[in-house]
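Please read the structure below before turning to the comments.
There are 2 protein chains.
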Amino acid sequence: MERAMNVFWTRGYHATALPDLLRATKLSRGSLYAAFGDKHSLFLLALDRYIADALARMDVEFAPDREPLDGLRAYFAGYVERNSGANGRRGCLLVATAMELAGRDAEVDRRIGGFFSAMEARLIDVLSRARAAGRLAAGVEPASAARIIVCFVEGMRVVGKTAPTRIISQATGDALLDRFIR
Amino acid sequence: MERAMNVFWTRGYHATALPDLLRATKLSRGSLYAAFGDKHSLFLLALDRYIADALARMDVEFAPDREPLDGLRAYFAGYVERNSGANGRRGCLLVATAMELAGRDAEVDRRIGGFFSAMEARLIDVLSRARAAGRLAAGVEPASAARIIVCFVEGMRVVGKTAPTRIISQATGDALLDRFIR
DNA sequence: CCATATATAGACCGAATGGTCTTGAAATGG
DNA sequence: CCATTTCAAGACCATTCGGTCTATATATGG
Numbered sequence: 009m010e011r012a013m014n015v016f017w018t019r020g021y022h023a024t025a026l027p028d029l030l031r032a033t034k035l036s037r038g039s040l041y042a043a044f045g046d047k048h049s050l051f052l053l054a055l056d057r058y059i060a061d062a063l064a065r066m067d068v069e070f071a072p073d074r075e076p077l078d079g080l081r082a083y084f085a086g087y088v089e090r091n092s093g094a095n096g097r098r099g100c101l102l103v104a105t106a107m108e109l110a111g112r113d114a115e116v117d118r119r120i121g122g123f124f125s126a127m128e129a130r131l132i133d134v135l136s137r138a139r140a141a142g143r144l145a146a147g148v149e150p151a152s153a154a155r156i157i158v159c160f161v162e163g164m165r166v167v168g169k170t171a172p173t174r175i176i177s178q179a180t181g182d183a184l185l186d187r188f189i190r
Numbered sequence: 009m010e011r012a013m014n015v016f017w018t019r020g021y022h023a024t025a026l027p028d029l030l031r032a033t034k035l036s037r038g039s040l041y042a043a044f045g046d047k048h049s050l051f052l053l054a055l056d057r058y059i060a061d062a063l064a065r066m067d068v069e070f071a072p073d074r075e076p077l078d079g080l081r082a083y084f085a086g087y088v089e090r091n092s093g094a095n096g097r098r099g100c101l102l103v104a105t106a107m108e109l110a111g112r113d114a115e116v117d118r119r120i121g122g123f124f125s126a127m128e129a130r131l132i133d134v135l136s137r138a139r140a141a142g143r144l145a146a147g148v149e150p151a152s153a154a155r156i157i158v159c160f161v162e163g164m165r166v167v168g169k170t171a172p173t174r175i176i177s178q179a180t181g182d183a184l185l186d187r188f189i190r
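Protein chains in written order, with my numbering: chain C, 9 to 190; chain U, 9 to 190.
As structure tokens, then:
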């Protein structure tokens, strides 16, 4: 299944043909349809998996027993990593799906919208904890900072498709974080 | 031609079929191929037009005889507008193309990369002028602020696909700008 | 008014699409 | 050791894809 996810990830939904999925999953045509229904259902499964992985990663990074600022730094570092070199060129299944399918596929809409809310909620939480610890710069609101960060990291995934240079991504992330913390 | 651009804009490259283009351009199959070569060439033309429009808009917003901060506010307001309601759901041809085709189509790569550089350059310029006028907050570097803003606005285009609410976009943009200016 | 150029509608092409179904081989279990 | 289930390989299906080409209608120009 994650093999299927990888294909959708690197090629996108429309550009993924059935033979691509068969090759990746090493399943026969019949078995794939028996197991997953059809291409669309399989795609939704892959998308769910991708989302679950992303949120699970955040839950580790933002674990309650960890310094909120360390969590944020790890979170940004993760995006830098995923945005550099080959990883960057591969892009992000979520962003690609949002651009390709959102607004035309209700199932996709729900998942994408849900993911952004979930990510925002986690960011609000960690930023609130940072503020409680007196580590937020004056005038920074967790809610709006969280929305800014969501847009920023997703935008990195877009820009990173053609300019995946680690050092600049790193510096840019640091610079944004610097505007929020003290 | 801009009719063709509109179709690619709302549907994406792969999902745009020839009949869609014929309906939009009101051209016959033969005439369309005589005029533009093939689907791919027509798409590149549409992308060029989209990019030219975006850069021309920035040149107006960031005109030298205008207050840099007013220019930045207009720039953000433009993204809020394009990100709200139906406009938001329609998305952004550039972001969609970056996710769908970048890394697999050299012509597209050049154009997308060129656009991001051009946007960044314009932002650096307007931010430098703001700094010269003493309107930048302490510690804000035009170059890194420009890169942050590029990521931020492109990320808005992604998030806006499923959550295109004007008020929140506006507030979020304002909040980011607030971190940069004084 | 006729000759020529132009653009239309749409037939047509091979290839590829997502999806189904048949056939045969390989396991599995009693 | 045989009966049964399971799965793989791939033939097959209708449809659609991008692209070409022909026949027809509409302008255009002398």
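C-beta: ideal position from N, C-alpha, C; glycine also.
Per-residue DSSP class, three states only, for residue i
i: Leu1(U); result: Outside the shown range of chain U, which is 9 to 190, sits residue 1(U), and nothing can be said about it.
Under 9 Å by beta carbon: chain C residues contacting residue i
i: His22(U); result: Gly20, Tyr21, His22, Ala23, Glu108
Chain-ordered neighbours of residue i on chain C, where CB pairs are closer than 8 Å
i: Phe160(U); result: Ile156, Cys159, Phe160, Gly163
i: Ser152(U); result: Ala179, Thr180, Ala183
i: Gly121(U); result: Thr170, Ala171
Beta-carbon separation (whole angstroms), residue i vs residue j, contact threshold 8 Å
i: Met162(U); j: Val167(C); result: The sequence given here places Glu at residue 162(U); Met does not occur at that position. At roughly 6 Å, the Cβ-Cβ gap stays under 8 Å, so Glu162(U) and Val167(C) are in contact.
i: Phe124(U); j: Ala171(C); result: 6 Å
i: Leu109(U); j: Tyr21(U); result: 6 Å
i: Leu185(C); j: Leu50(C); result: Going by Cβ atoms, the distance from Leu185(C) to Leu50(C) rounds to 38 Å, so no, they are not a contact pair.
i: Lys47(C); j: Leu26(C); result: 7 Å
i: Leu101(U); j: Leu55(U); result: 7 Å
i: Ile156(U); j: Phe16(C); result: Ile156(U) to Phe16(C), Cβ: 30 Å. No contact.
i: Ala145(C); j: Arg97(C); result: With 8 Å as the limit, Ala145(C) and Arg97(C) do not qualify as a contact, their Cβ atoms being about 34 Å apart.
Proximal residues of chain U, C-beta to C-beta of residue i below 8 Å
i: Ile176(C); result: Arg155
i: Asp117(C); result: Thr170
Cross-chain neighbours of residue i in chain C, by beta carbon under 7 Å
i: Leu184(U); result: Ile156
i: Val167(U); result: Phe124, Val158, Cys159, Glu162
i: Gly111(U); result: Arg97, Lys169
7 Å CB neighbourhood of residue i in its chain, flanking five on each side removed
i: Ala106(U); result: Ile120
i: Arg137(C); result: Pro76
i: Gly99(U); result: Arg165, Lys169
i: Phe44(C); result: Leu50, Leu53
i: Ala151(C); result: Ile132
i: Ala12(U); result: Leu29, Ala32, Thr33, Leu50, Ala54
i: Val19(C); result: Rather than Val, the amino acid found at residue 19(C) in this sequence is Arg. Excluding residues within five positions, the ones whose Cβ falls inside 7 Å are Asp28.
Chain-ordered chain U contacts of residue i [CB-CB under 7 Å]
i: Arg187(C); result: Arg187
i: Asp67(C); result: Residues of chain U passing the Cβ test: none, with the nearest at roughly 21 Å.
i: Val103(C); result: Met107, Val166
Contacts around residue i, its chain only, beta-carbon distance under 6 Å, and the 5 residues preceding and following it disregarded
i: Ala153(C); result: Leu135, Phe188
i: Met66(U); result: Arg130
i: Asp117(C); result: Ala110
i: Glu69(C); result: Gly79, Ala82, Tyr83
i: Ala71(C); result: none
i: Ser177(U); result: Val88, Asn91
i: Arg57(C); result: Met13
Spatial neighbours of residue i in its chain, beta-carbon cut-off 8 Å, leaving aside the 5 residues before and after
i: Val103(U); result: Glu162, Arg165, Val166
i: Met127(U); result: Ala62, Leu63, Met66, Val158
i: Asn14(U); result: Ala32
i: Ala122(U); result: What sits at residue 122(U) in the sequence shown is Gly, not Ala. Excluding positions up to five away in sequence, the list reads Ile59.
i: Gly86(U); result: Arg65, Glu69
i: Thr180(U); result: Met164
i: Ser36(C); result: Leu30
Where residue i meets chain U, residues with beta-carbon distance less than 9 Å
i: Asp46(C); result: The contacting residues do not exist; Asp46(C) stays about 18 Å from chain U at best.
Any alpha helix (DSSP H) of 4 or more consecutive residues that is wholly inside the region 75-157 of chain U
76-90, 93-98, 101-109, 114-140
Which runs of the alpha helix (DSSP H) fall wholly inside the region 13-47 of chain U and span at least 4 residues, in chain order?
26-33, 37-44
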